[in-house]
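In my numbering, the protein residues as written are 35 to 89.
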């Protein structure tokens, strides 16, 4: 399996044991935080490194 630098809502939902729709809400919030700090983001995905820092 190819290693990526991003985590998707599906992966986040599995890891945290939450619904996919709630994972999208968390990703949106995390991406807004990253954008406020000057980072470029991708909708529906968040950096694995940032995810690991937050959780």
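Positions of the beta carbon are idealized from the N, C-alpha and C atoms, including for glycine.
Residue range 40 to 42 is occupied by the beta strand (DSSP E) that includes residue 42. In this structure, the beta-carbon distance from residue 60 to residue 49 does not fall below 9 Å. Residue 73 is classed as exposed because its beta carbon has fewer than 16 other beta carbons within 10 Å across all chains shown.
By the neighbour-count definition (other C-beta atoms within 10 Å, threshold 16), residue 57 is a buried residue.
The beta carbon of residue 44 sits closer than 7 Å to the beta carbons of 54 from its chain, once the five residues preceding and following it are set aside; these are given in chain order.
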